[in-house]
Each structure stands twice: as structure tokens, then as C-alpha cells.
Amino acid sequence: MQILFTPNGGLSGGVVLGKYQGPSFVHEPPNKMLFYNNTGAVIPCVVNGTPRPEITWTTSDNLTAVPIAGLRDTRPDGSMVFSPFRAEDYRQDVHSATYRCSAANVVGSIASREVHVRGGITEGSDLELFTCATHIIQYQRPPILHSSEPPTTIFHKHEQRHPA
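With the first letter of the sequence shown counted as 1, position 81 gets the number 64 in this note's numbering; the numbers rise by one all the way through.
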């Protein structure tokens, strides 16, 4: 969308003072973002427009997702950054939440689809060995995802995978 302005503020013919363009996504955020506390994540929200649109991230409660030191921040390009964090610093309202990226300028505004964020926690070794009467069972413990979905457990027996 382009709007041409005249010296008297009209929208008809005359001298063009500038071109304005409403916001449009160059890189819209994904619908889901899964990450682990030892890696962190970056969720892109790259937008074009003239003048440059202001980008805002909001929660599912329509509250502005303000920076939280060491956990969540935004970059000048509009991306939301989740920093690596310790297991004890996990916050459900930050690491298991739904966000939306919005962009606005004088022409208009746009909003992204919802982004469902899930931050998993990896603690200690993810490998445990159990000894049974006749077998040694290797158990791969899945990372904690702090989700309502039950984790999938896989047991290894004699180099064969057997779902639990």
C-alpha cells in the first residue's frame, strides 16, 4: 500500500512530498518455537514499511512483553530473544507462553500469527543405566518441556529401540 501526500495534506494530484508504505512482513515469526535452557532462541519478526514501523511483542493477555533481564529481550530488528537460562530461572509466563508480533506506522498496522513458545529444561545427564535381572537397560531421559503433553520415553535393549 502506498499513499502520496501533497503540500496541503491532501491525497490528490500535486507535488509529492513522500511515499509512505504500510507495514509488511519480510520474515513472520513461526507458529511454534521449542528450545532448551542451554541454547536459548531467537524468534524473528522482520518488517518493512515507510516510515519504519515500530515493532511490539505482546502476550496472549494482550500485554506488552517487556524485556526481563537475562531471560527475554528484543533486538532492534524486531526479533525476540530468549537467553540461555538456569533451570531454577524457568518462568512459565515467559518460557511456556504465547506471543504475537505487531508492527505499526502512520499508514497502518499488522499482527503476526500466535507464536507458541516452549522452553525445555535439560538437567544433568540425559542418559541413565538400569540393571535388571538379565539385562542392562539404557534409558534416555527426555528434557523437561513443562508442557501438558506427556514426554515420550524410549528404552534401548541390546542396541534395539523399544518404545515404553
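Idealized CB from N, CA, C, for every residue including glycine.
Residue i versus the options, residue with shortest Cα-Cα distance
i, options, result
"residue 31", "99, 13, 67, 61", "61"
"residue 45", "13, 94, 3", "94"
"residue 41", "102, 88, 76", "76"
"residue 33", "22, 48, 16, 4", "4"
"residue 7", "99, 92, 104, 52", "92"
"residue 18", "74, 88, 78", "78"
"residue 14", "99, 68, 103", "99"
"residue 11", "105, 82, 103, 104", "82"
Pairwise C-alpha distance: residue j and residue i
i, j, result
"residue 84", "residue 28", "7 Å"
"residue 97", "residue 90", "23 Å"
"residue 25", "residue 2", "32 Å"
"residue 101", "residue 73", "11 Å"
"residue 110", "residue 38", "Bear in mind that a pLDDT of 43 at residue 110, under 50, signals an unreliable position, so the number given afterwards is only what the model happens to contain. Distance between the alpha carbons of residue 110 and residue 38: 42 Å."
"residue 68", "residue 48", "18 Å"
"residue 105", "residue 63", "22 Å"
Assumed close pair residue i, residue j - CB separation to whole angstroms, cut-off 8 Å
i, j, result
"residue 86", "residue 36", "4 Å"
"residue 54", "residue 66", "6 Å"
"residue 70", "residue 20", "6 Å"
Bridge partners - residue i, DSSP secondary structure assignment
i, result
"residue 99", "15, 81"
"residue 73", "Answer is none; residue 73 lacks a bridge partner."
"residue 33", "4"
"residue 41", "47, 83"
Neighbourhood of residue i by C-beta, 7 Å cutoff - its chain only, sequence neighbours within 5 removed
i, result
"residue 117", "Note that residue 117 has pLDDT 49, beneath the 50 cutoff, so the model's placement of it is unreliable and no number is given."
"residue 58", "64"
"residue 108", "Per-residue confidence for residue 108 stands at a pLDDT of 40, beneath the threshold of 50, marking its modelled position as unreliable; no derived number is given."
Other residues of its chain near residue i: CB distance less than 8 Å, five sequence neighbours each side excluded
i, result
"residue 56", "50, 63, 64, 66"
"residue 23", "64, 65, 66, 67, 68"
"residue 9", "29, 30, 31"
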